[in-house]
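Beneath this line is the structure, given in C-alpha cells, with notes to follow.
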Amino acid sequence: MQPTSKASRFFDLVDQREYAFCQAINRAVRFRPVLGYFQLVSKLGDGWFWYALILSMPFFVPQTGPGLALLMALTGLTCTLTYKLLKRWLIRERPFISFPSINCGTPPLDRYSFPSGHTLHAVCFQTMLFMTVPVLALTILPFTLSVAASRVVLGLHYPTDVAAGALIGGAMGYASMKYLFDNAVTLFLA
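Numbers 1 to 190, taken from full-length UniProt numbering, label the letters of the sequence shown in order.
In C-alpha cells, the structure reads:
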C-alpha cells in the first residue's frame, strides 16, 4: 500500500527506526507474569482505575475534591476527543499490525496508534494530581509509569506514540489546572 500523506510517509520512516526497540521490549510478553501484569495494568488504564480515582476525590480532599473530580472528568473527556481526532487524522498503524514479529499482548481499543490514549489520560491525571494532591500523585506514579510502559510491552504502541501521549496529556492536565481549577472548585463551594 502506498503512503498517501506526509504524515503516513513520516510514520513509515519512524516505524522502521523504532521497530527493533519495540521488538526487543515486546519479547517480555513471553514471560507469563510480565504479560499478566501489563495486561492488568492496561485493562485498569482503559479507564477503570481513573473512574474509581475520580469518584473517590471528594474523600481524599473533601474541600476541593468535588471540583477536582468534575474537572478531571471534563478534562478526561477532552483528552478522549483529542486523541481520537489525532488518530483518525494521522493514521499510524500499530506495531503488531505493521510488524507481524511483534506480538499483540491484549486486544486494542481502536485501530490506530498515534498518540497513545492510555498514556495521554494517565499523564493528564497525574499532572492534575501533582498540582493539587502531590502525596496522592506520588502514590499513583508507579501505576502511571506502568500504563505508559504497557503500551510498548504489549505491542500496541511505538515509544514515540507514548512520548506524544505523555506530552499532550501533561499539557492538557496543566492547562486545565492552571485555567479552570478555581472555577470548578467555586462551582461546588457556592
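Note that beta-carbon positions come from the ideal geometry of N, C-alpha and C, so glycine has one too.
Just so we're clear, the structure is a prediction, and the values are computed from it rather than from any experiment.
Does the distance from the CB of residue i to the CB of residue j come in under 7 Å?
{"i": "Phe-99", "j": "Tyr-19", "result": "yes"}
{"i": "Thr-127", "j": "Val-162", "result": "no"}
{"i": "Leu-90", "j": "Ala-28", "result": "no"}
{"i": "Ser-146", "j": "Val-41", "result": "yes"}
{"i": "Val-123", "j": "Ala-166", "result": "yes"}
{"i": "Arg-92", "j": "Phe-21", "result": "no"}
{"i": "Tyr-158", "j": "Pro-95", "result": "yes"}
List the DSSP bridge partners of residue i.
{"i": "Tyr-112", "result": "Glu-93"}
Decide if residue i is buried, meaning its Cβ has at least 16 other Cβ atoms within 10 Å, or exposed.
{"i": "Gly-169", "result": "buried"}
{"i": "Met-1", "result": "Unreliable placement is indicated for Met-1, whose pLDDT of 43 sits below 50; the coordinate value is still reported in the next sentence. Exposed is the call here."}
{"i": "Arg-9", "result": "exposed"}
{"i": "Phe-114", "result": "buried"}
{"i": "Thr-139", "result": "exposed"}
{"i": "Leu-71", "result": "buried"}
{"i": "Val-135", "result": "exposed"}
{"i": "Phe-31", "result": "exposed"}
{"i": "Leu-109", "result": "exposed"}
{"i": "Phe-38", "result": "buried"}
{"i": "Ala-69", "result": "buried"}
{"i": "Tyr-179", "result": "exposed"}
{"i": "Gly-36", "result": "exposed"}
{"i": "Ala-148", "result": "buried"}
{"i": "Gly-5", "result": "Rather than Gly, the amino acid found at residue 5 in this sequence is Ser. Classification for Ser-5: exposed."}
{"i": "Ala-164", "result": "buried"}
{"i": "Ser-176", "result": "buried"}
{"i": "Ser-150", "result": "buried"}
{"i": "Ser-116", "result": "buried"}
Please report the residue range of the alpha helix (DSSP H) in which residue i lies.
{"i": "Pro-134", "result": "134-153"}
{"i": "Val-41", "result": "32-43"}
{"i": "Asp-15", "result": "6-26"}
{"i": "Leu-55", "result": "49-60"}
*Touching or not, the stretch 103-116 and the stretch 143-154, by the rule of three or more beta carbon pairs under 8 Å?*
yes
Say whether the stretch 85-96 touches the stretch 45-54, bearing in mind that this needs 3 or more beta-carbon pairs closer than 8 Å, one atom from each stretch. no
Are at least three pairs of beta-carbons, each pair with one atom in the stretch 125-139 and one in the stretch 72-83, less than 8 Å apart? yes
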